[in-house]
Amino acid sequence: MITEERRVNLSREQLPQYIDLVRHTISPSIRASGGRVLCLLQGLIGSPSTTLIQMTQYEDIDSWQLAQGAWTVNREQFAIQESTRILKPISSRPKDLVPPEDRRTIYGYRKFIISPASVSEFAACSEEGIWPRLESEGACILGMWSNAESVSPAEVILLTGYNSLAHWESTRFSPGSPDENNDLWNRESALRTRREDLTIKTFVEIMISTDL
77 MITEERRVNL SREQLPQYID LVRHTISPSI RASGGRVLCL LQGLIGSPST TLIQMTQYED
137 IDSWQLAQGA WTVNREQFAI QESTRILKPI SSRPKDLVPP EDRRTIYGYR KFIISPASVS
197 EFAACSEEGI WPRLESEGAC ILGMWSNAES VSPAEVILLT GYNSLAHWES TRFSPGSPDE
257 NNDLWNRESA LRTRREDLTI KTFVEIMIST DL
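Here the sequence shown stands for residues 77 to 288, numbered as in the working numbering.
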């Protein structure tokens, strides 16, 4: 599996028309070519509302190339700037098919800068130590990816869904243990510390789903 990340910056007045074009023309064409749109997200905090990120999953490079025809529709009047890149999943997420119950309204798009030698350990710390507590509180991990190409330092992209901004705030990790016998907290505390040690730099954009 591979994932295309497509980031588009739009003029404010063209935003509704562009989303309509993606929803009714481009995304159906992608699906007809075998692609699966994971999400189309709009900037909320940390990026302007005129920034969109679309994540689309493909079986392989051949299916990705086939689906590029969906983007040949004329959209120059909408986009101020557009960029794409191929990412590779580095964990059990994204799922092959994302069920409706896994969808959320708000997403944290978090980027980590790490050594390429640390990618596997970083993913394990996240999946085994941090995600269980988050998902026990109603969040949902949509996916974790890294660069498909060999670069140093590497980027890791994590998309986590929340029901609301208040929900996102409520799931933030607090260093004070609520209970010495809380296994989820204790495991997260240890593996979160290790993940922080592996992280060179990190930042997050909070985005809202356009619900394709």
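Note that beta-carbon positions come from the ideal geometry of N, C-alpha and C, so glycine has one too.
* To do: Run the CB neighbour count on ILE121, radius 10 Å, all protein chains shown included, and call it buried at 16 or more, exposed below.
  => Translated into positions along the sequence shown, residue 121 becomes position 45. So ILE121 ends up on the exposed side.
Worksheet item: If you count every other CB in all the chains shown that lies within 10 Å of the CB of GLY219, and 16 or more means buried, which is it?
Response: Here residue 219 refers to the residue found at position 143 of the sequence shown. It is buried - the Cβ of GLY219 has at least 16 other Cβ atoms within 10 Å.
Open item on the list: Could you compute how far the alpha carbon of TYR238 sits from the alpha carbon of SER246?
Closed with: The sequence position of residue 238 within the sequence shown is 162, counting from 1. The sequence position of residue 246 within the sequence shown is 170, counting from 1. TYR238 and SER246: Cα-Cα distance of roughly 10 angstroms.
inquiry  = If you reduce the DSSP assignment to three classes, tell me which class ALA230 lands in.
reply    = For the purposes of this step, residue 230 is identified with residue 154 of the sequence shown, where counting begins at 1. Strand, per DSSP.
- request: Express the C-alpha separation of ILE166 and ALA199 in angstroms, rounding to a whole number.
  value: For the purposes of this step, residue 199 is taken as residue 123 along the sequence shown, with counting starting at 1. For the purposes of this step, residue 166 is taken as residue 90 along the sequence shown, with counting starting at 1. Their backbone Cα atoms lie some 7 angstroms apart in a straight line.
Close Cβ partners of THR127 (< 6 angstroms) along its chain, the five nearest in sequence each way excluded
Against the sequence shown, residue 127 aligns to sequence position 51. Cβ within range, chain order: ASN85, GLY119.
Identity of the residue in ARG107, GLY205, ARG186 nearest LEU66 by Cα: Any answer about residue 66 is impossible in this case: the structure gives the chain only from 77 up to 288.
Does the stretch 262 to 269 come close enough to the stretch 219 to 237 to have 3 or more Cβ pairs within less than 8 angstroms? no
From the DSSP output, read off the bridge partner residues of CYS216.
Indexing the sequence shown from 1 puts residue 216 at position 140. Partner(s): GLY237.
Among LEU91, THR101, GLY111, TYR185, whose alpha-carbon lies nearest the alpha-carbon of ILE294? Given a span of 77 to 288 for the chain in the structure shown, any question on residue 294 remains unanswerable.
For ALA289 and ILE95, which I take to be in contact (beta-carbon distance under 8 angstroms), what is that distance rounded to the nearest angstrom? Residue numbering for the chain in the displayed model covers 77 to 288; residue 289 lies beyond these limits and cannot be assessed.
| request: Alpha carbon to alpha carbon, how far is ASN258 from SER123? Give it in angstroms, no decimals. | output: Position 47 of the sequence shown, counted from the start, is the residue given in the question as residue 123. Position 182 of the sequence shown, counted from the start, is the residue given in the question as residue 258. Each residue's alpha carbon lies about 36 angstroms from the other.
Helix, strand or coil: how does DSSP classify ARG223 here? Here residue 223 refers to the residue found at position 147 of the sequence shown. As written in the sequence, residue 223 is Asn, which differs from the Arg given in the question. Here ASN223 sits in strand by DSSP.
**Asked** Rounded C-beta distance between ARG186 and THR278? I'm assuming under 8 angstroms.
**Response** Sequence index remark: in the sequence shown, residue 186 carries index 110 (1-based). Sequence index remark: in the sequence shown, residue 278 carries index 202 (1-based). At roughly 6 angstroms, the Cβ-Cβ gap stays under 8 angstroms, so ARG186 and THR278 are in contact.
For this session: Measure the CB-CB distance between THR160 and GLU80 and report whether it falls below 7 angstroms.
Result: The sequence position of residue 160 within the sequence shown is 84, counting from 1. The sequence position of residue 80 within the sequence shown is 4, counting from 1. Cβ distance < 7 angstroms, so THR160 and GLU80 count as in contact.
Discussion item. For GLN153, count the other beta carbons within 10 Å of its own beta carbon; 16 or more makes it buried, fewer makes it exposed. Which is it?
Written reply: Sequence index remark: in the sequence shown, residue 153 carries index 77 (1-based). Per the 10 Å Cβ criterion, exposed.
Coil, strand or helix - ILE190 by DSSP:
Here residue 190 refers to the residue found at position 114 when the sequence shown is read from its first residue. If DSSP states are grouped into helix, strand and coil, ILE190 belongs with the strands.
Next on the checklist: Taking the alpha-carbon of PRO192 as reference, which of THR132, SER125, VAL227 has the nearest alpha-carbon?
Outcome noted: Working through the sequence shown from its first residue, we reach residue 192 at position 116. The option with the nearest alpha carbon to PRO192 is VAL227.
| task | State the Cα-Cα distance for the pair CYS201 and LEU163, rounded to the nearest angstrom. | result | Position 125 of the sequence shown, counted from the start, is the residue given in the question as residue 201. Position 87 of the sequence shown, counted from the start, is the residue given in the question as residue 163. Their Cα atoms are separated by approximately 20 angstroms.
Under 7 angstroms between the Cβ atoms of VAL195 and SER168? Here the question's residue 195 lines up with position 119 in the sequence shown. Here the question's residue 168 lines up with position 92 in the sequence shown. Contact flag unset, no.
| request: With DSSP as the reference, label ILE78 as helix, strand or coil. | output: Against the sequence shown, residue 78 aligns to sequence position 2. Reduced to three states, the DSSP call for ILE78 is strand.
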